[in-house]
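Okay, so here's the structure we're looking at.
Numbering (full-length UniProt numbering), first residue to last: 1 to 177.
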């Protein structure tokens, strides 16, 4: 399988407030590259968000804004590129809202949500949060709510599910955005 696992953290409940981003690149079922960046958001940090991920305004003070970062990652997105995220509805909306906020073109791409694949394939878990699915599949989750750790875990979840159940059961769950 070839895909890019994506994870965002946000500074506030506003979806265009990305404050960190990670990509884990998988080619032929192997992680071949990773990218992580803090992002200086256009909003203030909300205390609730800081409690979740621990990122503060001080941490991102010298970080790039999203428009400064986008040219370095835009080629990971395109009509035939598969983006994978755990709770993709959140991560894709952060990407789309952030691009829209900065009036940047929103690319088309394919999305597969490991929250949905896990609900379909891993019956009977108490919930399908990232850490619960990781525990069930014995996938390492080094620091939950760190974008890089979460994207790495997401990639490993999909690789584990593909190995256990095959890719044919995953294909119907791929959506175009």
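For glycine and all other residues, C-beta sits at the position ideal for the given N, C-alpha and C.
Where the alpha helix (DSSP H) containing residue i begins and where it ends
i           : result
residue 94  : 88-101
residue 138 : Per DSSP, residue 138 belongs to no alpha helix (DSSP H) and is neither H nor E.
residue 115 : 114-121
residue 15  : Looking at the DSSP string, residue 15 is not in any alpha helix (DSSP H), and its letter there is neither H nor E.
residue 41  : Premise fails: residue 41 is in no alpha helix (DSSP H) and is neither H nor E.
residue 53  : 47-53
residue 157 : 147-165
residue 59  : 57-60
First and last residue of the uninterrupted beta strand (DSSP E) at residue i
i          : result
residue 68 : That residue, residue 68, is in no beta strand (DSSP E); its alpha helix (DSSP H) goes 66-73.
residue 10 : 3-10
residue 37 : 30-38
residue 85 : 82-85
Among the options, nearest to residue i - alpha-carbon criterion
i           : options            : result
residue 76  : 157, 2, 164, 153   : 2
residue 114 : 60, 124, 130, 99   : 130
residue 73  : 31, 172, 25        : 25
residue 6   : 172, 170, 171, 156 : 156
residue 40  : 33, 21, 28         : 21
residue 91  : 127, 171, 170, 13  : 13
residue 174 : 84, 160, 56, 4     : 84
residue 143 : 55, 29, 42         : 55
residue 58  : 44, 48, 71         : 44
residue 100 : 46, 172, 23, 42    : 42
Proximal residues to residue i (C-beta, below 7 Å), its chain only, five neighbours per side dropped
i           : result
residue 94  : 8, 10, 15, 18
residue 102 : 66, 67
residue 33  : 25
residue 27  : 2
residue 81  : 4, 109, 110
residue 50  : 56
Cutoff 8 Å; reference residue i; Cβ partners in own chain excluding five residues on either side
i           : result
residue 125 : 118, 132, 133, 136
residue 170 : 112, 117, 158, 161, 162
residue 69  : 21, 37, 39
Other residues of its chain near residue i: CB distance less than 6 Å, five sequence neighbours each side excluded
i          : result
residue 88 : 111, 113
residue 86 : 114, 115, 130, 154
residue 53 : 9, 145
- Query: Are the segment 133-153 and the segment 99-106 touching, with three or more C-beta to C-beta distances below 8 Å?
  - Reply: no
- Message: I want to know whether the segment 152-166 touches the segment 116-135 - three or more CB-CB distances under 8 Å.
- Response: yes
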